Amino acid sequence: MDKILLNAGPSTRGWHRVESFLRCPQLYAYEKVLNYQWPTSPPLVKGSLVHLGLAHWYARRREDQQGGDREKYYTANEAMEIGAKEWGELGAEWLPLAKRALAAYAAKWSTEKHKVLMVEEEVRADIWVPKLSRSVLFTQRVDLVTEAADGKVYFWDHKTGFRSGKQMTTRYILSGQFHGIRWFGGQMFGDRFGGIILNQIGLGIGEIKLGRPAIPPAPNMTQCFPDLLADAEASMAELEREKRDPWKWPKAASEQVCMTPYGKCPAFALCQWGKAGLTESGAKERT
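Residue numbering for the sequence shown follows my numbering, beginning at 102 and increasing consecutively.
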């Protein structure tokens, strides 16, 4: 029997596309209308490999808890080795770090008592959009769902980065990704939903840093989340109905948007030079 390799990638119709539009409609047009993809970055590869490893570590743990067959899933290391091949040279370069991170994680958390309910499962909802007089699909792939000893259900989000710690949680307080998770958690489990566990794996130089800091609540944003989605979907649909030239969608043109905490927006050269910036940006059409 072939072993199971889990999908730890983006969901079918998730937050990333909405976030791209809200960040800058022109960025959305590059990614979703022109169908460009950007050069692979080391942080993406590292994060993807660790996510894949954690998915299989927890899937096998669930089998142990339920008296199932853990061997139907690849081990964490096997899964990461397979995933690394998909990333080519960058995958080979960062695979040893990902394995070291998983080893540190397993050593620290091997005795935790959470009951594993779901691993990398896509959750779905139809969001009513009044301006369109119809519903639209919204999905999220939840990294992990567990039940604690008190019966509360927690949705987990794995985050890798150069640093970890409580100081890094502020950026997520108003993040639509996390309010989507909170919204789904409440819809699916009601009063049993205990919140989000931010599972941080710091991949900086030296020791792997692990932490699970709490994200402060933002109940107003969570309550407004369906409206946020509906407004974004209506605006996207309006621009698409116009059949506007995808190179001439509305642009944010802001130093706070065009420059990010990670450097230039990937589409920087396209907005600077137009089609003449394609080579500089490294953008390629998805095949």
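The beta carbon of each residue, even a glycine, is placed where N, CA and C say it ideally should be. All values derive from a computational prediction rather than experimental measurement.
By the three-class DSSP mapping on this structure, what secondary structure does residue i have?
| i | result |
| --- | --- |
| Thr-261 | strand |
| Val-134 | helix |
| Ala-331 | helix |
| His-316 | For the sequence presented, residue 316 should be read as Ile rather than His. The answer is coil: DSSP assigns Ile-316 none of H, G, I, E or B. |
| Ile-105 | strand |
| Lys-214 | coil |
| Glu-343 | coil |
| Glu-120 | helix |
| Lys-96 | For the chain, the structure presents residues 102 to 388; residue 96 sits outside this window and is missing. |
| Glu-164 | helix |
| Leu-275 | coil |
| Arg-114 | coil |
| Trp-350 | coil |
| Trp-284 | helix |
| Glu-356 | coil |
| Thr-380 | helix |
When the distance is taken between beta carbons, is residue j closer than 8 Å to residue i?
| i | j | result |
| --- | --- | --- |
| Val-230 | Val-237 | yes |
| Tyr-159 | Val-254 | no |
| Leu-218 | Val-151 | no |
| Ile-282 | Asp-258 | yes |
| Ile-302 | Ile-309 | yes |
| Trp-348 | Gly-375 | yes |
| Glu-194 | Lys-216 | no |
| Gly-262 | Trp-116 | no |
In the DSSP output, what is residue i paired with across the bridge?
| i | result |
| --- | --- |
| Gly-303 | Gly-262 and Lys-310 |
| Val-243 | Glu-222 |
| Ser-236 | Trp-229 |
| Ile-298 | Trp-257 |
| Thr-141 | In DSSP, Thr-141 forms no bridge with anything. |
| Gly-364 | Thr-361 |
| Tyr-174 | Ile-105 |
| Glu-248 | Lys-216 and Val-254 |
How many angstroms separate the CA atom of residue i from the CA atom of residue j?
| i | j | result |
| --- | --- | --- |
| Leu-245 | Ala-331 | 26 Å |
| Lys-232 | Glu-341 | 14 Å |
| Ala-180 | His-157 | 7 Å |
| Tyr-129 | Arg-118 | 7 Å |
| Cys-372 | Tyr-174 | 44 Å |
| Lys-209 | Ala-377 | 50 Å |
| Phe-256 | Lys-200 | 24 Å |
| Gly-364 | Asp-165 | 43 Å |
| Phe-326 | Thr-270 | 19 Å |
| Tyr-155 | Trp-139 | Note that residue 155 is Leu in the sequence shown here, rather than Tyr. Looking at the two C-alpha atoms, the distance is approximately 25 Å. |
| Arg-171 | Ala-315 | 31 Å |
| Arg-272 | Phe-279 | 11 Å |
| Thr-141 | Cys-366 | 13 Å |
| Pro-197 | Asn-178 | 10 Å |
| Trp-123 | Ala-368 | Per the sequence presented here, residue 123 reads as Leu, with Trp not at that position. Whole-angstrom Cα-Cα distance: 15 Å. |
| Glu-356 | Ser-382 | 18 Å |
| Arg-114 | Glu-132 | 13 Å |
| Ala-109 | Arg-163 | 16 Å |
| Cys-359 | Ser-121 | 12 Å |
| Gly-305 | Leu-311 | 11 Å |
Next on the checklist: Below 8 Å, how does it come out for the stretch 144-151 and the stretch 186-195: are there three or more Cβ pairs, yes or no?
Outcome noted: yes
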